[in-house]
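In what follows, a single structure is set out as structure tokens and then discussed.
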Amino acid sequence: NRQIVIAELPTDALGPDHFTMTEAATPEPGAGEVQLRVILMSIDAANRSWMKGATYRAAVQKGDAMPTYAICEVMQSNSPKLSPGDIVAAEATWSEVITMPAHKVMKMPKVETLSHLMSVYGIAGKTAYHGLMSIGQPVAGETVLVSAAAGSVGGYVGQIAKALGCRVVGIAGGAEKCAWVTDHLGFDACLDYRAPGFFKALRSACPDGVDVYFDNVGGTVLEMALNVMNERGRVICCGAISQYDTENPTGPRNLPGVVVVKRLKMEGFIVMDFAHNDAKCLRAMQHWVGTGQIKVTEDIVDGLENAPQALIGLLAGDNKGKRMVRVSSD
Ligand code: NDP
């Protein structure tokens with residue numbers, strides 16, 4: 003059973019030397035436990051933030067196997083609730099096989115494409131839907147701005163807002179990604195935050211200002227987004243990827259003044275907070291996928307051994323859509 007553990011915690015940018023591949027024992031399942039074969043592992047910006055300290059979960063320590071949300075197949079079961087062959091979602095680790103209590107895994111419905119349980123019907127789609135609908139509450143005709151727009155969450159945010167009849171503007175790194183966001187995902191505009199003149203371009207892409215900003219990045223991009231918000235705008239604080247992989251993060255300098263003057267609402271959330279609305283989210287996403295208003299965007303990297311580079315690359319922006327690692331076949 004191969005497993006990837008943290009060899010050293012990073013003090014600045016994450017690199018391959020912070021990980022090591024080990025051979026771990028595979029405990030036989032005890033009473034009430036199941037043994038799972040890992041099929042797909044979610045690669046999340048959050049993996050890096052867990053290496054910095056405690057967040058909404060305990061910090062990842064040196065010597066730990068990297069935790070991950072995973073889609074797995076039940077191999078052995080000592081629980082009446084699960085049988086070999088069942089597909090489940092689990093809080094696993096970067097491993098080929100894991101043994102855990104059956105009550106901690108969730109049986110998944112039968113779907114044609116397993117990876118959709120990770121992308122559009124999984125963490126990415128749910129984060130986009132719940133954050134936008136519950137906190138942003140966009141209304142047709144409003145302008146919705148979203149950062150990390152070519153990423154997994156951002157891509158779905160923009161497509162949902164478009165389906166709701168909003169004007170949608172994305173922010174992403176590089177001209178090629180921005181072109182993909184408009185041409186493939188159908189955003190009205192997408193701006194390169196690394197290009198000179200970004201703020202001017204942002205202003206002209208949002209002639210009526212911004213009513214809802216879905217923030218995936220924090221930092222100076224958040225600062226500029228706040229400056230184009232309309233009065234009583236809503237800012238959804240989903241994540242702060244610009245802060246995760248550096249020891250010298252730069253934050254918005256206009257807080258809290260701009261929030262006061264513009265009467266903005268800024269609210270953070272964790273996707274699990276809205277689990278009670280998951281069924282509604284699933285129905286809506288299935289509907290939009292069916293009508294073609296939402297395109298499923300996935301970025302699948304093959305092989306457990308490539309998980310560290312998949313995470314390092316995600317932080318550097320080499321993904322389009324939901325990044326995951328395929329550990330074994332469906
Ligand atoms: P994505 O698929 O969105 O990939 C991350 C993207 O972030 C990269 O592709 C890169 O694109 C962009 N990025 C990297 N560094 C910077 C930077 N310094 N400034 C601006 N953009 C940057 O990853 P995830 O879907 O995993 O995460 C997106 C965000 O959503 C994260 O902040 C994450 O923490 C958050 N999240 C929050 C959840 C919640 O429950 N609140 C749940 C899941 C995710 P580019 O080339 O455009 O720079």
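So for the sequence shown, UniProt numbering puts the first residue at 3; every next one is plus one.
Beta carbons: idealized from backbone N, C-alpha and C, even for Gly.
Query raised in the report: Which partner residues does residue 333 have in the DSSP bridge list?
Result: The structure shown does not extend to residue 333, since the chain is modelled only from 3 through 332, so no value can be given for it.
Requested in this report: With distances taken Cα to Cα, identify the nearest neighbour of LEU42 among LEU116, MET23, PRO86, MET108.
Outcome: Here residue 42 refers to the residue found at position 40 when the sequence shown is read from its first residue. The shortest Cα separation from LEU42 among LEU116, MET23, PRO86, MET108 belongs to LEU116.
Query raised in the report: Using 8 Å as the threshold, is the region 88-104 in touch with the region 19-39, meaning 3 or more CB pairs across them?
Result: yes
Requested in this report: Answer yes or no: the CB of GLY160 versus the heavy atoms of the ligand NDP, is any distance below 7 Å?
Outcome: Stepping through the sequence shown from its first residue, residue 160 is reached at position 158. The answer is no for GLY160.
**Report entry** Distance between VAL76 and ARG328 (C-alpha atoms, nearest Å)
**Finding:** Against the sequence shown, residue 328 aligns to sequence position 326. Against the sequence shown, residue 76 aligns to sequence position 74. Those two C-alpha atoms are separated by around 16 Å.
Requested in this report: In angstroms with no decimal places, state the Cα-to-Cα distance between ARG285 and THR299.
Outcome: Taking the sequence shown and counting its residues from 1, one reaches residue 285 at position 283. Taking the sequence shown and counting its residues from 1, one reaches residue 299 at position 297. For ARG285 and THR299, the distance between alpha carbons rounds to 18 Å.
Query raised in the report: Do you know whose CA, among VAL90, ALA94, ARG234, lies nearest MET110's CA?
Result: Counting from 1 along the sequence shown, the entry for residue 110 is found at position 108. VAL90 is the residue among VAL90, ALA94, ARG234 whose C-alpha sits nearest the C-alpha of MET110.
Query - Under the three-state DSSP convention, the category SER97 falls into - result: The residue given as residue 97 occupies position 95 in the sequence shown. Looking at SER97 - three-state DSSP - the assignment turns out to be strand.
Query - Own chain residues within Cβ distance below 7 Å of ILE137, not counting five before or after - result: Within the sequence shown, residue 137 is the residue found at index 135, counting from 1. Excluding positions up to five away in sequence, the list reads ARG236, ILE238, GLU269, PHE271.
Query raised in the report: When every heavy atom of the ligand NDP is checked, does at least one fall within less than 7 Å of the C-beta of ASN250?
Result: As a first step, residue 250 is located in the sequence shown; it is residue number 248 there, counting from the start. ASN250 Cβ: outside cutoff for every heavy atom of the ligand NDP.
Query raised in the report: So what's MET268 in DSSP terms, helix, strand or just coil?
Result: In the sequence shown, residue 268 corresponds to position 266, counting from 1. Three-state result, MET268: strand.
Query raised in the report: With distances taken between CB atoms, is the gap from ILE6 to GLY65 smaller than 8 Å?
Result: Taking the sequence shown and counting its residues from 1, one reaches residue 6 at position 4. Taking the sequence shown and counting its residues from 1, one reaches residue 65 at position 63. Not a contact, by the Cβ cut-off of 8 Å.
**Report entry** Extent of the continuous alpha helix (DSSP H) run through GLY235
**Finding:** As a first step, residue 235 is located in the sequence shown; it is residue number 233 there, counting from the start. Note, GLY235: premise wrong, no alpha helix (DSSP H); beta strand (DSSP E) at 231-239.
Query raised in the report: Can you tell me where the beta strand (DSSP E) with ILE243 in it begins and where it stops?
Result: Looking up residue 243 in the sequence shown gives position 241. That residue, ILE243, is in no beta strand (DSSP E); its alpha helix (DSSP H) goes 243-246.
Query raised in the report: For ASN3 versus GLU25, is the C-beta spacing smaller than 8 Å?
Result: As a position in the sequence shown, residue 3 is number 1, starting the count at 1. As a position in the sequence shown, residue 25 is number 23, starting the count at 1. A contact, by the Cβ cut-off of 8 Å.
Query raised in the report: Taking the alpha carbon of ASP217 as the point to measure from, which residue in HIS278, MET231, ASP275 has its own alpha carbon closest?
Result: Stepping through the sequence shown from its first residue, residue 217 is reached at position 215. Of the candidates HIS278, MET231, ASP275, the one whose C-alpha sits nearest the C-alpha of ASP217 is MET231.
Query - Top-ranked residue by Cα proximity to GLU98, from THR28, GLU144, ALA191, PHE200 - result: For the purposes of this step, residue 98 is taken as the residue at position 96 of the sequence shown. Closest by alpha carbon: THR28.
Query - Backbone secondary structure at LEU116 - three-state DSSP - result: Here residue 116 is taken as the residue at index 114 of the sequence shown, counted from 1. Three-state DSSP puts LEU116 in a helix.
Query raised in the report: Considering only the beta carbon of each residue, do LEU228 and ASN256 sit closer than 8 Å?
Result: Here residue 228 is taken as the residue at index 226 of the sequence shown, counted from 1. Here residue 256 is taken as the residue at index 254 of the sequence shown, counted from 1. It is a contact, given that the beta carbons lie within the stated cut-off.
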